[in-house]
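Number of protein chains: 4
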Amino acid sequence: MKLLHIAFIIICLPIASLAQIQTHQHSRVIQFPDVPGYLTLSTDLHQHTVFSDGYVWPNIRVLEAAADSLDVISMTDHIEYLPHKEEIPPVNFNRSHELASQYALPYDLVVIQGAEITRGYPPGHTNALFIQDANLLNVPDSVDAFKEAKRQGAFLFWNHPDWFRDSDDAVATLHDLHRDFIKNDMLHGIEVVNDLTYSEEALQIALDQNLTIMGTSDIHGLVDWQYHVHEGGHRPVTLVFATERTTESIKEALFDRRTVVYFNDMLIGREQHVKPLLNACIALSSNGYIGTSTVLGVTLSNNSNALLILANQSEYNFRRDGDVIILPPGGEKKLEVKVLANLDEIKLDFQVMNAITAPGTHPEISIGVKAN
Amino acid sequence: MKLLHIAFIIICLPIASLAQIQTHQHSRVIQFPDVPGYLTLSTDLHQHTVFSDGYVWPNIRVLEAAADSLDVISMTDHIEYLPHKEEIPPVNFNRSHELASQYALPYDLVVIQGAEITRGYPPGHTNALFIQDANLLNVPDSVDAFKEAKRQGAFLFWNHPDWFRDSDDAVATLHDLHRDFIKNDMLHGIEVVNDLTYSEEALQIALDQNLTIMGTSDIHGLVDWQYHVHEGGHRPVTLVFATERTTESIKEALFDRRTVVYFNDMLIGREQHVKPLLNACIALSSNGYIGTSTVLGVTLSNNSNALLILANQSEYNFRRDGDVIILPPGGEKKLEVKVLANLDEIKLDFQVMNAITAPGTHPEISIGVKAN
Amino acid sequence: MKLLHIAFIIICLPIASLAQIQTHQHSRVIQFPDVPGYLTLSTDLHQHTVFSDGYVWPNIRVLEAAADSLDVISMTDHIEYLPHKEEIPPVNFNRSHELASQYALPYDLVVIQGAEITRGYPPGHTNALFIQDANLLNVPDSVDAFKEAKRQGAFLFWNHPDWFRDSDDAVATLHDLHRDFIKNDMLHGIEVVNDLTYSEEALQIALDQNLTIMGTSDIHGLVDWQYHVHEGGHRPVTLVFATERTTESIKEALFDRRTVVYFNDMLIGREQHVKPLLNACIALSSNGYIGTSTVLGVTLSNNSNALLILANQSEYNFRRDGDVIILPPGGEKKLEVKVLANLDEIKLDFQVMNAITAPGTHPEISIGVKAN
Amino acid sequence: MKLLHIAFIIICLPIASLAQIQTHQHSRVIQFPDVPGYLTLSTDLHQHTVFSDGYVWPNIRVLEAAADSLDVISMTDHIEYLPHKEEIPPVNFNRSHELASQYALPYDLVVIQGAEITRGYPPGHTNALFIQDANLLNVPDSVDAFKEAKRQGAFLFWNHPDWFRDSDDAVATLHDLHRDFIKNDMLHGIEVVNDLTYSEEALQIALDQNLTIMGTSDIHGLVDWQYHVHEGGHRPVTLVFATERTTESIKEALFDRRTVVYFNDMLIGREQHVKPLLNACIALSSNGYIGTSTVLGVTLSNNSNALLILANQSEYNFRRDGDVIILPPGGEKKLEVKVLANLDEIKLDFQVMNAITAPGTHPEISIGVKAN
């Protein structure tokens, strides 16, 4: 006989908890918690304006970034592809960066100088970041452009290596020229995510060639429209783990390959970067053993923008849930763990199914919690 | 150079597709598609009213079922536990069923006569369905009550076998008395889901003992409050695969163990029942090869109330997504499959991570699609 | 030339203000601010349970009231109409009140003992509140029932005087019997609102006969369903202006006719009660003169559950709005007042179009604000 | 006694009607029904791009208009104010119009050639529409610019006459120069609404001087951000009543002053234009007399984007509502009219409180409906 029905119903009054409200209230902010030793910076390092083939003035890019709470952006207008050149003569390839930098002054936003070296395949399109003068990249020979970028100390990454124009099967393929560039310190990263696409093959190339894993919007129109932001979508970003919120520190982090790409609720990166990030995102707290039972109430909370899909690998199962759990962005999930004994401390292990450390590979995390 | 940016942006106009609207518009209806050879009926076969320890008149149970679009319900008031007996004297244990049956007349709703045999552990609480006279179950000895239920042709299932009152560790444990009942055709099913709980151990018992897998609400208060229906929650139901929408046919299906439990976005049942259900829920259609590429656009659609978590097991990967995909309830997901060749027909294989056919076991489905 | 466009756009970043969030986030709570000298108590003093012709046990009525944040309720089951009498024998007409009182103990909720004297027209149905024993009202003659209620010190009000069963034209009409009752202190109030109906004629009768203006749900089923609470609806309530949160004080307030009915975003009552309530609900604060102009920015805020429709009667007009303004529940509205001079203090006058002090009559309020 | 409670509750099942869904599902589309003899065209005839002081390329303006379902737009870049002239040299003042016209080809969108003559006060800023060559307006003397515009057959309207830069009290004031322009057919309209402002004084000037009533966005940044479109906001538009969807027909309509401004849920215009529009927006249908009563059920529906506030002026009152009613955009409102007799046909009269035909003046409409 269930003797406590009154109390039971009282608990179930239709009043949404704070956690639920937090989850339902859509926010466009893209922010992840810091990890031990590093700030976690949200970056979008591939963007276009009217100064090449984009459709907005640089201030709109700054305002979009502010709305998304990004930490770092770069205007990477094409050097060689200028469909508006009749209206906007190409007298200064640094101009979109200069304007964005001015517009960014009221915001806590780092603007990195960049440009897109836009050549046929190979090498295809390549972003050069941390340059000093984009005008000097405007040279006939593509290898010369890369050499000049290197001379300026640029961090160079291969854009949309899976682009249809370059490959009918959308498979990123490394050309000898890329191998040469990599060997000669003229190619450091690769877009695993560009705009709406994700390339498993690009991820494999990044791992094989020891390249920085990048994800960018490559936005030309409006971020809000392209990513259906008001229906809960978001642009791809590269999370950069930097010691400081400075251009120098971001540069050091990119050269050191300390990145995780956040796109479409996926977190893509090397295991040594994804796992600390997941550990920073997920917290576990105890609500104590239920009554006189050996069932421990715990709360998993997700301190990030990403929905997380967790597959239970623990030695325990749950009283209310199966072994695959969705932890909503910014939300929490109460679990009742069947401990079978009154342990002072337990450990839960989860495989995070939407985190990716290599094609088809998902990291495991382990979280301990004291019962009281 | 991206030459088609104008067309590109045009595609991305901020107008939500029909599919998105369908998904966002919350519906409380619990309905799943039929499977080959059977109707898929949504049932809630464990409910209480003021006639035992519930808090509503039977018409509210009928209206809740109509709101949820259930096909089958049963009023299973306790025989032995009657906290309102001072106000509602126990003169007729059939009364809540009689009233529910009358109230159900305007609806397409089958009401099955039932009662809860409410004894200490063992055997604990047991529902008897398809009885003719609940008054005859009101006998001192619990075994006599089961015998009478059997005499009336009842389908009997063990309620909340993981109940705290019976086990401190919330682990369902089979007692010798249950084994006897099973052997003597006096116990046919077991609740793997009761109200807000799911028991892996109960599922294992069902599989080991060849019992029908059951999930019920055991509702005493209001369904809307208990399951936060207006925030998207739903009550647990047992999907019953019956040849007809009749009491006889439902009875035959339950005795034949043709059930899948739907709870908390889990689909729990034997593989031979879960797989046809998943195949009925998920459809795959082709949008053709993209341009001149070997990338095939397809649309996965989910014709059910359950969110589905799919892990790609195909020989192909996707151009926009990782290997774990969320297919929203009543929604769809467009995929771009990197086929690498212009095949006329392809096959996609997915493990459905939130379908459960045994503890920790998730079924795989395979879906073919013609390219054109 | 607009020289400040950059700053302008910065202001317009797509980040919703707190006020907007407050407004959009639906709350079912029915609470109004206190007025000078009185607490404003939300009451629903006409409700049914299974003990007459309702469909829920009294605890559900308590939980509904808690969910709505009501202050005062009454179970007013019929004495004479008992369709469930076969199942629930009428041995104690006080029982639903006794049970509700027990269930209400954990809540800050006053439960007033009541009953519905249910007779043919005239007098029709009448609620008696603050009685001590409902059983004594169960007498053959209706006048005797009223006399007994009076003997117990009851506050008596005429229910749904516009009921179709009593009048084909839905027009409340006073009968000689009512006049007698009023004269002899056996009728003190009248429902101007019952369930989903509002009666202008009943309001006129209340004003003409000096009766207390009442509004109640007369709920039989579920409040959530009847008033579409999850789509933003609410039950009708009588706001009672009482000196204390006690039965005695509420009784004194009702006899003194200190009520306003809140229904369907209307506030219906005598001017001397509606105006202080509106003044408590609406606040006006200054944001200062804009730049060097004579335009004063002000914020109107609505500290109530009711949407308010304000018609500007001030000597000023507004720079962004017309003369009719909607002030959302719990929300605010920024106005720019064209003062035409740098006055230290201004006064705004509004007619509140959805407040009703007599048929077709809407009160005016006047709010002053200092510019700095 | 209420004998029909079961049926009653059945009606109140928590299933939202189609009308409710229609209302809740936010749409950004700005469209109003046609009126007798004319198409009702949604226009925004004052917009900026990067070619003067705006921040987007002309294609974004076209896409915004398509998203809002506008019928007519105009790029009215400043002739004299060119803050981006260093990057975009002013070689062709027609260029933003040329580009917008090309981008508009896939859409059902009329693009009218325009420019903003941008001078100090008086005359202040003036839009010239239907011109052939904006370059010819680039002359030193402002009167010469107006003369050239007139020579090209332009429709000229005064922009933001209440602009702070020109008047500290935000009061539109007619200067002798404006009177001269009006007399000499060089000024035909006036912005009563510009961006987020509404000017009662400008409306009075329009009525006194027989000018066309205009409302425009004057957008420089993004429409979605400036008007909080995803929270339900919208840009101001001028509804133009034209015989055909052609430039010529729109021009004729503007010269003939056939406009209504839609802004912030206000409909502002001359009575002869507002009343037919309201009659086209509001429909009334009968649901028949209720039972054997003399209460007629009717449905008011709102076939427009504007929320409408209706004050009942009929000889009847309503059984469920007071005399002020909100009719939601695209939604409907059921009324129960207390007719007091079984008339075959009735007439309802409403003052539309948020329609404005002169400062403080709201039009009345009268709608008849047959009972069966």
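Chains as they are written, first to last, in numbering that gives the first Met the number 0: chain A, 0 to 371; chain Y, 0 to 371; chain U, 0 to 371; chain V, 0 to 371.
Using N, Cα and C, we set each Cβ at its ideal position, and we do this for glycine too.
Could you check what DSSP says for V/Thr360 in three-state terms: helix, strand or coil?
-> strand
Identify which residue in U/Ser285, U/Asp255, U/Ala241 and U/His45 has its Cα closest to the Cα of U/Gly296.
-> U/Ser285
Roughly how many angstroms separate the alpha carbons of U/Ala282 and U/Ser300, rounded to a whole number?
-> 5 Å
Note down, in chain order, each residue of its chain lying with its Cβ closer than 7 Å to the Cβ of A/Gln312, except the 5 sequence neighbours on either side.
-> Asp348, Phe349, Gln350 and Glu363
Rounded to whole angstroms, what's the CA-CA distance from A/Arg234 to A/His45? Just pull it up for me.
-> 11 Å
Can you find a C-beta in chain U that's less than 9 Å from the C-beta of V/Ala305?
-> no
Name the DSSP beta bridge partners of V/Glu396, please?
-> Coverage of chain V is limited to positions 0 through 371, which leaves residue 396 of chain V absent and any answer about it impossible.
In chain Y, which residues lie with their C-beta within 9 Å of the C-beta of U/Asp223?
-> Leu221, Asp223, Trp224 and His229
Could you tell me which uninterrupted alpha helix (DSSP H) segments, each at least 4 residues in length, are contained entirely in the stretch 33 to 82 of chain Y, listed from first to last along the chain?
-> 57 to 66
In its own chain, which residues sit with a C-beta less than 7 Å from the C-beta of V/Ala252, not counting the 5 before and 5 after it?
-> Val239, Phe240 and Ala241
Along the chain, where does the alpha helix (DSSP H) that runs through U/Val351 open and close?
-> No alpha helix (DSSP H) contains U/Val351, which is instead part of the beta strand (DSSP E) from Glu344 to Val351.
Going along the chain, which residues of the stretch 53 to 81 of chain A sit with their C-beta nearer than 7 Å to a C-beta in chain V?
-> Tyr54, Val55, Trp56, Asn58 and Ile59
Contact set for A/Ala169: own chain, Cβ-Cβ below 7 Å, skip 5 residues either direction | Asp161 and Phe163
Got a sec: is the Cβ-Cβ distance from Y/His174 to anything in chain A below 9 Å?
-> no
What residue range is occupied by the uninterrupted alpha helix (DSSP H) comprising V/Gln271?
-> Glu270 to Cys280
Tell me A/His124's beta-bridge partners as DSSP assigns them.
-> A/Thr117
Assigned secondary structure, A/Phe145 (DSSP; H/G/I helix, E/B strand, else coil) = helix
Mind checking the stretch 34 to 49 of chain A against chain V and listing, in chain order, the residues whose C-beta falls within less than 9 Å of any C-beta there?
-> Val49
Please name the residue, chosen from U/Tyr37, U/Leu38 and U/Ala103, that lies closest to U/Ile59 on a Cα-to-Cα basis.
-> U/Ala103
Could you give the distance in angstroms between the alpha-carbon of V/Ile111 and the alpha-carbon of V/Ala153?
-> 11 Å
Counted within 10 angstroms of its Cβ, other Cβ atoms place Y/Pro392 as buried (16 or more) or exposed | It is not possible to answer for residue 392 of chain Y, since the shown part of chain Y is limited to 0 through 371.
A/Gly53 versus A/His47: straight-line alpha-carbon distance, rounded = 5 Å
Quick one: is A/Asn209 buried, meaning 16 or more other Cβ sit within 10 Å of its Cβ, or exposed?
-> exposed
Nearest CA to the CA of Y/Ala171: which residue from Y/Lys346, Y/Val192, Y/Gln151 and Y/Gly367?
-> Y/Val192
Note the first and the last residue of the continuous beta strand (DSSP E) segment covering Y/Trp157.
-> Phe154 to Trp157
With DSSP as the reference, please indicate the residues paired to U/Glu376 in a beta bridge.
-> The displayed coordinates of chain U run from 0 to 371. Any statement about residue 376 of chain U would go beyond what the structure contains.
Sort A/Arg318, A/Arg257, A/Val294 and A/Ile289 by Cα distance to A/Leu276 and report the nearest one.
-> A/Arg257
Report the partner residues of A/Ile377 according to the DSSP bridge assignment.
-> This structure cannot speak to residue 377 of chain A, because chain A is shown only from 0 to 371.
Got a sec? Which residues, its chain only, sit under 7 Å from U/Asp33 by beta carbon, not counting five neighbours each side?
-> Thr39 and Ala279
Simplified DSSP assignment, three categories, for A/Thr293 = coil
For Y/Leu136, which residues of its own chain have a beta-carbon under 8 Å away from its beta-carbon, when the five flanking residues on both sides are left out?
-> Ile78, Phe92, Ala114, Ile116, Ala127, Ile130, Ala144, Glu147 and Ala148
9 Å Cβ cut-off: residues of chain Y touching U/Glu97 = The contacting residues do not exist; U/Glu97 stays about 10 Å from chain Y at best.
Using a beta-carbon distance below 9 Å, is A/Ser26 in contact with chain Y?
-> no
What is the DSSP secondary structure of A/Ala201, reduced to helix, strand or coil?
-> helix
Span separating the alpha-carbon of V/Arg319 from that of V/Gly330 | 18 Å
With 9 Å set as the bound, which would you pick, yes or no: does the beta-carbon of V/Asn286 sit closer than that to a beta-carbon of chain U?
-> no
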